[in-house]
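Novice: Numbering-wise, this note's numbering comes out as the position in the sequence shown, counting from 1, plus 186.
C-beta atoms are modelled at their ideal positions from N, C-alpha and C, and glycine is treated no differently.
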Amino acid sequence: MLRGKIRSIALAALAVAAMAAPAPAAPCRNNTGSFERWLDGFKQEAASQGVSRATISAALDGMSFDQAIINRDHGQGVFQQSFLQFSDRMVSRDRLTTGPRLMQKHAALFARIEQQYGVPAPVLVAFWGLESDFGSNNGRYPILRAVATL
187 MLRGKIRSIA LAALAVAAMA APAPAAPCRN NTGSFERWLD GFKQEAASQG VSRATISAAL
247 DGMSFDQAII NRDHGQGVFQ QSFLQFSDRM VSRDRLTTGP RLMQKHAALF ARIEQQYGVP
307 APVLVAFWGL ESDFGSNNGR YPILRAVATL
């Protein structure tokens with residue numbers, strides 16, 4: 187009986203420790219195509235969805251692959267942290283109050299996004315807050331080049 191309780195406690199402790207440990211990153215797929223081929227296809231898809239040639243040209247002419255973006259993406263130390271370490275560092279009181287306020291302010295937009303893509307507002311707002319502090323920090327790299335490269 188005592189042995190069963192000890193075993194249960196040990197299993198519970200192991201489960202808690204496993205949840206607090208860093209999760210391994212999913213392996214990246216090897217990109218076997220060329221960036222230029224992808225970009226040409228992306229431009230064609232944008233045009234087929236009604237994006238004007240002028241807009242496509244303004245946004246994507248001169249676009250190129252940026253290896254520095256890939257290097258920074260693969261070198262993020264955040265993936266070496268447990269969830270508790272990450273959340274202690276990244277989830278601030280300001281983000282916890284700003285997120286719900288912006289979710290309410292843009293409720294109609296988030297409802298349309300969820301209806302069309304199936305991604306609920308809290309998930310989008312969490313990414314928005316963590317990745318850009320709700321648009322206040324867009325980083326040092328050109329956004330379109332970074333997204334296209336990734």
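Could you compute how far the alpha carbon of A206 sits from the alpha carbon of A233?
Specialist: Note that A206 scores a pLDDT of 43, beneath 50, so its modelled location is shaky; the value from the coordinates is reported in the next line. Using only the alpha carbons, I get a separation of about 46 Å.
Novice: Short of 8 Å in beta carbon distance, which residues of its chain neighbour V305, apart from the five on each side in sequence? Order them along the chain.
Specialist: I299
Novice: What residue range does the alpha helix (DSSP H) around P286 cover?
Specialist: 279-291
Novice: Span of the alpha helix (DSSP H) holding G227?
Specialist: 221-234
Novice: Suppose you measure from the CA of T241 to the CA of D247; what does that come to, to the nearest Å?
Specialist: For T241 and D247, the distance between alpha carbons rounds to 10 Å.
Novice: Between which two residues does the alpha helix (DSSP H) holding D274 run?
Specialist: 269-276
Novice: Is it buried or exposed, V333, if we count other Cβ atoms within 10 angstroms and call 16 or more buried?
Specialist: Counting Cβ neighbours within 10 Å, V333 comes out exposed, since fewer than 16 surround it.
Novice: For R331, report the span of its alpha helix (DSSP H) as first-last.
Specialist: 329-335
Novice: Terminal residues of the continuous alpha helix (DSSP H) containing N257?
Specialist: 253-260
Novice: Under a Cβ-count criterion, where at least 16 other Cβ atoms within 10 Å of its own Cβ denotes burial, should V264 be classed as buried or exposed?
Specialist: The residue is exposed, with fewer than 16 neighbouring Cβ atoms inside 10 Å.
Novice: Determine the DSSP secondary structure at P308, reduced to helix, strand or coil.
Specialist: helix
Novice: According to DSSP, is F313 part of a helix, a strand, or is it coil?
Specialist: Here F313 sits in helix by DSSP.
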